[in-house]
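Data block below; observations after.
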Amino acid sequence: MCDLSEYSLPAVEEMIARGPYRPDWESLMQAKVPAWFSREKLGIFIHWGVYSVPAYSSEWYSRNMYIRGTPAYEHHIKTYGPQNVFGYKDFIPLFTAEKFDPDAWMELFERAGAGYVFPVAEHHDGFQMYESSLSRWNAKEMGPRRDVLGELKKAAGKRGIKFCTSSHRAEHWFFMGHGKAFASDVREPLARGDFYWPAMPEPDPHDLGSMPYPTEEFLEDWLLRTAEIIVKYRPELLYFDWWIQHEAFKPWLKKIAAFYYNCGKSWGKDVMICYKYDAMMAGSGIAEVERGGFAEAKPYPWQTDTAVARNSWCYTDSLDYKSSSEIICTLLDVVSKNGNLLLNIGPKADGTIPDADRRILADLAAWMHVNGEAITGAKVWRQSSEGPSKAEQGPFSDQTETVYTPQDYRFTAGHGAIYAACLKCPGDGMFCIRSLAKNSDPDKGGFHGLIGKVEILGYRGELCWEVKTDGLFVNAGMLSEEAGVDVRFPVVLKITPV
Numbered sequence: 270m271c272d273l274s275e276y277s278l279p280a281v282e283e284m285i286a287r288g289p290y291r292p293d294w295e296s297l298m299q300a301k302v303p304a305w306f307s308r309e310k311l312g313i314f315i316h317w318g319v320y321s322v323p324a325y326s327s328e329w330y331s332r333n334m335y336i337r338g339t340p341a342y343e344h345h346i347k348t349y350g351p352q353n354v355f356g357y358k359d360f361i362p363l364f365t366a367e368k369f370d371p372d373a374w375m376e377l378f379e380r381a382g383a384g385y386v387f388p389v390a391e392h393h394d395g396f397q398m399y400e401s402s403l404s405r406w407n408a409k410e411m412g413p414r415r416d417v418l419g420e421l422k423k424a425a426g427k428r429g430i431k432f433c434t435s436s437h438r439a440e441h442w443f444f445m446g447h448g449k450a451f452a453s454d455v456r457e458p459l460a461r462g463d464f465y466w467p468a469m470p471e472p473d474p475h476d477l478g479s480m481p482y483p484t485e486e487f488l489e490d491w492l493l494r495t496a497e498i499i500v501k502y503r504p505e506l507l508y509f510d511w512w513i514q515h516e517a518f519k520p521w522l523k524k525i526a527a528f529y530y531n532c533g534k535s536w537g538k539d540v541m542i543c544y545k546y547d548a549m550m551a552g553s554g555i556a557e558v559e560r561g562g563f564a565e566a567k568p569y570p571w572q573t574d575t576a577v578a579r580n581s582w583c584y585t586d587s588l589d590y591k592s593s594s595e596i597i598c599t600l601l602d603v604v605s606k607n608g609n610l611l612l613n614i615g616p617k618a619d620g621t622i623p624d625a626d627r628r629i630l631a632d633l634a635a636w637m638h639v640n641g642e643a644i645t646g647a648k649v650w651r652q653s654s655e656g657p658s659k660a661e662q663g664p665f666s667d668q669t670e671t672v673y674t675p676q677d678y679r680f681t682a683g684h685g686a687i688y689a690a691c692l693k694c695p696g697d698g699m700f701c702i703r704s705l706a707k708n709s710d711p712d713k714g715g716f717h718g719l720i721g722k723v724e725i726l727g728y729r730g731e732l733c734w735e736v737k738t739d740g741l742f743v744n745a746g747m748l749s750e751e752a753g754v755d756v757r758f759p760v761v762l763k764i765t766p767v
């Protein structure tokens with residue numbers, strides 16, 4: 270049974286000792302990726318917290334408002350007054366979430382085709398979006414005065430949506446540190462459990478081993494906060510943000526992974542940690558690529574987390590939104606390479622989901638209603654793509670949109686068929702898929718099976734198709750929404766072999 274009578278390091282270590290997983294990479298590499306993760310290819314990330322109140326620039330407002338000379342610093346003084354008069358903590362009473370309706374959120378996500386949800390439990394600002402016994406600076410005792418995480422878990426469970434969560438607590442070591450450089454409300458003495466504690470100097474982002482090195486006290490606090498989330502909310506997956514790659518976290522990360530994986534076993538399920546930048550040993554968790562992906566399909570499941578906007582994870586008044594078509598193309602590209610898409614939305618401080626986010630979710634819902642069989646439960650085909658346009662590899666590669674052509678396809682396989690998604694619908698309704706050319710010579714590629722049926726998902730018209738030595742040619746005539754195909758978005762061809 271995964272339970273703790275008290276949140277202490279000895280209690281966590283005792284629980285680890287009772288389970289099959291040990292805090293070392295060899296043992297942790299025996300953990301299995303949950304079966305549902307390879308089936309549910311779309312998840313929803315939710316960045317919502319105190320930073321949603323100022324709604325300025327990004328979710329890093331709590332840091333940037335204390336850095337002199339930055340736009341956030343100047344904006345804060347102009348809008349709210351000096352930081353020693355109105356600090357970040359003073360936004361908490363304004364975070365009332367009076368229109369927060371977790372059931373309505375989940376209805377939106379389910380319609381969009383999401384199989385799992387990932388609300389942020391605690392971001393870098395240190396405000397816990399859940400009921401906690403380790404700090405009073407949480408959403409149950411302040412602000413909304415509701416156990417936000419608990420309510421979202423309950424709402425997800427009603428619809429069979431897998432409940433996951435993330436912790437970004439590691440970066441809190443330095444996140445409020447700039448506030449000590451001038452007269453602000455970030456001032457000593459700061460003690461463990463205080464909202465701004467420890468507010469240390471920010472390290473060089475290019476040298477994670479640079480001073481200051483996180484203290485044992487902070488690392489233990491990080492571990493116990495994570496253990497509390499695990500025990501109270503039983504997430505199916507747990508996500509850590511980037512700073513846990515710091516070498517100081519390594520022994521603590523192994524401990525919490527062993528604790529979590531042992532808890533999963535006691536619950537009768539496989540659970541796993543999503544990590545970035547090689548913070549964990551390959552095979553001991555799920556590799557995560559922030560705002561990016563891979564050039565080719567991987568033999569292991571992975572995930573990309575990206576947002577509906579390029580310039581922020583949370584709601585702000587200046588979001589640079591992506592188009593629905595770009596997001597659907599990203600979904601297809603990622604799934605064709607054995608990945609999952611974790612798509613972030615940012616609710617407003619009152620708990621409403623912005624109109625632009627809702628429009629994207631509605632477009633996803635309509636597209637997935639027609640084409641979801643090419644995504645949910647899909648497996649990789651022998652090749653992931655065809656065509657001249659390639660998504661850039663690596664993190665933070667989503668800052669410019671990849672422009673696709675009617676020659677660009679992404680492939681998946683499932684339900685006894687091959688799916689070829691044309692990322693840019695051709696105006697004349699003519700499709701040519703080179704990878705499905707008739708070729709009896711295996712060394713020259715092509716498709717060596719027999720095709721029995723070709724369809725366009727959702728299309729109510731007649732198709733003409735022919736397999737030639739240079740490709741599968743399909744003539745659909747003029748596609749239109751009236752005929753069941755929204756030409757603004759990728760079109761999926763379903764090829765059923767004999």
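Taking this note's numbering, the leading residue of the sequence shown gets 270, the next gets one more, and so forth. Where a beta carbon is used, it is the ideal one built from N, C-alpha and C, also for glycine.
DSSP beta-bridge partners of residue i
i: MET699; result: ASN744
i: ILE687; result: ALA682, ILE764
i: TRP571; result: ALA556, GLY608
i: TRP734; result: VAL743
i: ALA578; result: TYR590
i: SER436; result: GLU391, PHE509
i: ILE644; result: Its beta-bridge partners do not exist; DSSP assigns none.
i: GLU655; result: TYR678
i: GLN397; result: GLU391, ASN407
i: LYS707; result: PHE716
i: ILE614; result: ILE315
i: GLY211; result: Outside the modelled stretch of the chain, which goes from 270 to 767, sits residue 211, for which no answer is possible.
Distance CB(residue i)-CB(residue j) smaller than 8 angstroms
i: GLY552; j: MET334; result: no
i: HIS447; j: ILE336; result: yes
i: GLY620; j: ASP370; result: yes
i: TYR325; j: THR585; result: yes
i: GLU497; j: HIS437; result: no
i: PHE706; j: ARG729; result: A small fix is needed here, since residue 706 is Ala in this sequence, not Phe. Contact: no.
i: SER704; j: ALA566; result: no
i: PRO470; j: PRO483; result: no
i: CYS433; j: GLU505; result: yes
i: TRP536; j: ARG503; result: yes
i: GLY685; j: LYS648; result: no
i: GLU655; j: ILE720; result: no
i: TYR290; j: TYR590; result: no
i: ASN609; j: PHE364; result: no
i: TRP734; j: SER327; result: no
Beta strand (DSSP E) segment containing residue i, residue limits
i: LEU226; result: The structure shown has nothing for residue 226, since the chain only spans 270 to 767.
i: TYR385; result: 385-391
i: TYR544; result: 541-545
i: LYS722; result: 720-725
Contact belief for residue i with residue j at Cβ below 8 angstroms, rounded distance in angstroms
i: SER331; j: ASP394; result: 4 angstroms
i: GLU309; j: GLY356; result: Contact doesn't hold; Cβ gap of about 41 angstroms is too wide.
i: SER594; j: PHE444; result: Wrong, their Cβ atoms sit about 35 angstroms apart, outside the cutoff.
i: THR681; j: ALA643; result: 5 angstroms
i: LEU692; j: CYS598; result: 5 angstroms
i: LYS617; j: TYR688; result: Between TYR688 and LYS617 the Cβ distance is about 37 angstroms, and since that is not below 8 angstroms, they are no contact.
Span of the alpha helix (DSSP H) around residue i
i: GLY533; result: 519-536
i: LEU601; result: 593-605
i: TYR330; result: 330-333
i: VAL639; result: 624-640
i: LYS423; result: 417-427
i: ALA752; result: No alpha helix (DSSP H) contains ALA752, which DSSP labels as neither H nor E.
i: ILE315; result: Unbroken run through ILE315 is the beta strand (DSSP E), 311-315; no alpha helix (DSSP H).
i: THR348; result: 340-349
i: THR495; result: 485-502
i: PHE378; result: 371-380
i: ARG287; result: 278-287
i: HIS515; result: Per DSSP, HIS515 belongs to no alpha helix (DSSP H) and is neither H nor E.
i: LEU806; result: This structure leaves residue 806 out entirely; the chain is present only between 270 and 767.
i: SER296; result: 294-297
i: PHE464; result: Taken as a continuous stretch (DSSP letters only), PHE464 belongs to no alpha helix (DSSP H), as it is neither H nor E.
i: HIS447; result: It is not in any alpha helix (DSSP H) - HIS447 carries neither H nor E in the DSSP assignment.
Nearest neighbour of residue i, chosen from the options [CA to CA]
i: THR348; options: LYS659, PRO323, THR365; result: PRO323
i: VAL386; options: PHE314, TYR399, GLY656; result: PHE314
i: TYR546; options: TYR508, PHE451, TYR673, ALA625; result: TYR508
i: VAL760; options: TYR290, GLU283, GLY727, PRO766; result: GLY727
i: GLY698; options: CYS532, ARG679, GLU724; result: GLU724
i: GLN676; options: LYS368, TYR276, PRO657, GLY562; result: PRO657
i: ARG679; options: GLY696, ASP293, VAL604, ALA424; result: VAL604
i: GLY646; options: LYS659, MET550, PHE716, ASN607; result: ASN607
i: GLY641; options: HIS344, LEU601, ASP624; result: LEU601
i: VAL281; options: GLY554, VAL577, GLN514, VAL500; result: VAL500
Contact test: residue i Cβ vs the ligand GDP heavy atom, cutoff 7 angstroms
i: SER594; result: The ligand GDP is absent from the structure shown, which contains no ligand whatsoever.
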